[in-house]
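Remarks on the structure that follows.
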Amino acid sequence: MLKKLFSSQLRINMASGVLCTVINVIAMMVGYPVYLHYLGYEKYGVWLVLATVLSFARLGDLGIGQAITKLVAEEHGRGDIEGIQKYVTTALALLCLSGSVTLMAVLVFKTQIIGVFKLGEENAGMALWLLPYIGVLSIYVFIIQALNATLSGLGRMDLANYIQSIGRIVSVIVATILLHIGHGIESLLIGNILSYVFIHIVSLIYIRRIAHIRFLRIGNLDVQCGKRILHFGSGIFGGTIISMLGSPFHKLMLSRYAGVATIPIYEIAFRGSMQFRGLIEVGFRALMPEISRISANMTKSARDRILQLYRRAMKLILFAGVPMYGAILIFATPLLKIWLREQFVYGIPFAFRLMLVATFVSLLGVPSYYLLLGMGRIRAVFTARCITWLTSMALVTMIAVNKNYLSVPAVCMSLIISWFLSSTYMIWYFRRAITEIIEKIR
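In structure tokens, the structure reads:
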């Protein structure tokens, strides 16, 4: 299917996303039982607390990672190595600054951060001991993400994906070895550090093979490049914040109006359907740097190429997404029974099917989303995120307040409506953007 629809390198980039998603899931499925075997639920829970802190610390990225991919791809399309150097060096400087602020916040408020999770005295002490290392790691993660984004911007998202997946495998292997020889929770931290070191070294090697970039030249720092990075990154960052509020808000409302027992049903339906959506969506991520490269010199042929990619992406959803979603909708109940076994309850399949419809509706807007990112229409992307999550939050609130009751199917229906509005908006805006390009070319 991909071979018929997309050019060779783009096809390779898209296929790598799907393959690496499968590899990452396998690594996760292997890692969880090992960690639980050696650490138990309680100590592994402490690590998950630290991982949660690291996830929130990554907000200090400010959307710069995706900005690097887009802007490097533009300069790569122009063949401007000096421009690439300026963007990457400036981005690294900005990330070091934001990372330092993040580290300071972690160090100053470490007691309060751990206190939020209400851990026991021993576990809290363990978390406080490891938290400063997590803070330092967050700065390093910013740098690694920047290098990975640079590799994607240079047209080799396949390499970026494979390097990250191999890094994840390295993390699991190192942690398993250290746990086996008697080390404790610090094994997971060391595994993660060595994983990022591996990604760092290999990414640098491949970047230098593709383009001889000099990262550490002071002369590469550029104010205008910094402004463009922050302008593009701010839209990504804002959209991420809105998205992070949406699902927790739904869980909060379910807990208040339907009971805490409904939250696992929502979580299984939401996460499960998003995993299936991700099998198609992850391939489309390669569209953003491709469009950025093409649109660096906007001509009639570039416009035609963008339209061609859009049509082929929608065909992929039609010929691959529709059969996959159709099969899952039909066999949802037996699949859930096999997966959940004795934890299966009969309310889950209906909620799961509704959420599958919601995520499929959202998938229809994904090609427009990544094409608009590549074209630099960041406001449209941010607006679409706001439509999705603010609309669903408003609908859920209206139902809960008016009826003094809420259900998981009601939340799923609110997401179907909000994702329909969001996808419609993105498709409309993409067509409008193409029309504007046609008028400019004329």
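Mapped onto numbering that gives the first Met the number 0, the consecutive letters of the sequence shown carry residue numbers 0 to 441.
We treat Cβ as the ideally placed atom computed from N, Cα and C, and that holds for glycine.
Own chain partners of residue i with C-beta closer than 7 angstroms, once the 5 adjacent residues on each side are dropped
i	result
Ser246	Phe269
Ile22	Ser164
Leu49	Ala126, Leu129, Leu130 and Ile133
Phe419	Val360
Lys2	Only weak support is given to the placement of Lys2: the predicted model assigns it a pLDDT of 49, under 50, and the value that follows is read from those uncertain coordinates. If we look at Lys2 and ignore the five residues flanking it on each side, its Cβ neighbours are Arg10.
Thr68	Ala148, Ser151, Gly152, Met287 and Pro288
Gln8	Gly154
Thr332	Pro348
Thr20	Gly277, Leu278 and Val281
Within 9 angstroms, strictly: CB atoms of residue i and residue j
i	j	result
Gly225	Thr89	yes
Lys379	Tyr424	Lys is not the amino acid found at residue 379; the sequence shown has Ala there. A contact, by the Cβ cut-off of 9 angstroms.
Val135	Leu93	no
Val222	Ile279	no
Ser413	Met354	no
Tyr43	Ile184	yes
Arg384	Ser421	yes
Gln274	Val33	no
Phe381	Gly237	yes
Arg302	Ile436	yes
Gly76	Arg292	yes
Ile80	Ala210	yes
Ile426	Phe351	no
Leu362	Ile316	yes
Range covered by the alpha helix (DSSP H) that runs through residue i
i	result
Leu177	Met156 to His179
Asn191	Glu185 to Ile209
Asp303	Lys299 to Leu315
Tyr368	Val365 to Gly373
Gly114	Lys109 to Gly114
Leu328	Val321 to Ile329
Val71	Ile63 to Arg77
Arg270	Thr261 to Phe283
Arg255	Val222 to Tyr256
Member of the options whose CA lies at the smallest distance from the CA of residue i
i	options	result
Ala257	Leu405, Arg284 and Ile189	Leu405
Leu371	Gly271, Phe429 and Leu414	Phe429
Lys109	Arg77, Phe330 and Ala56	Ala56
Ser170	Gly271, Ala26, Gly325 and Arg302	Ala26
Ile377	Ser233, Cys411 and Phe330	Ser233
Tyr139	Thr434, Leu96 and Leu315	Leu96
Ala357	Arg276, Val24, Gly82 and Ile206	Arg276
Val45	Arg77, Glu120, Ser202 and Gly78	Glu120
Phe197	Thr239, Arg208, His75 and Leu146	Leu146
Asn122	Glu41, Met156 and Leu334	Glu41
Leu244	Leu61, Ser417, Ile416 and Trp388	Trp388
Met28	Ile168, Ile162 and Gly39	Ile168
Cutoff 8 angstroms; reference residue i; Cβ partners in own chain excluding five residues on either side
i	result
Val173	Ser186, Ile189, Gly190, Leu193 and Ser194
Ile112	Val52, Val105 and Leu130
His179	Tyr37
Ser137	Leu53, Ala56, Arg57, Gly59, Gly98, Thr101, Leu102 and Val105
Ile228	Ile63, Ala66, Ile67, Leu70, Tyr86, Thr89, Ala90 and Leu93
Met252	Val395, Thr396, Ala399, Leu405 and Val410
Lys402	none
Arg216	Gln84 and Thr88
Burial state of residue i (16 or more Cβ within 10 Å)
i	result
Tyr31	exposed
Leu4	Residue confidence is low: Leu4 scores 45 on pLDDT, short of 50, so the model does not pin down where it sits. Its coordinate-derived value is still stated next. The residue is buried, with at least 16 neighbouring Cβ atoms inside 10 Å.
Gly464	Shown here, the chain extends from 0 to 441; a query on residue 464 therefore has no answer.
Ala159	buried
Ser391	buried
Gly73	As written in the sequence, residue 73 is Glu, which differs from the Gly given in the question. Buried, since its Cβ has 16 or more Cβ neighbours within 10 Å.
Ile305	buried
Thr434	exposed
Gly181	exposed
Gly375	buried
Gly373	buried
Ile176	exposed
Phe318	exposed
Residues near residue i in its chain [Cβ-Cβ closer than 6 angstroms; skip 5 each side]
i	result
Gly282	Met13, Gly16 and Val17
His199	Ile143
Test: residue i CB closer than 9 angstroms to a CB of chain D
i	result
Trp388	Included in the structure is just one protein chain, with no chain D present.
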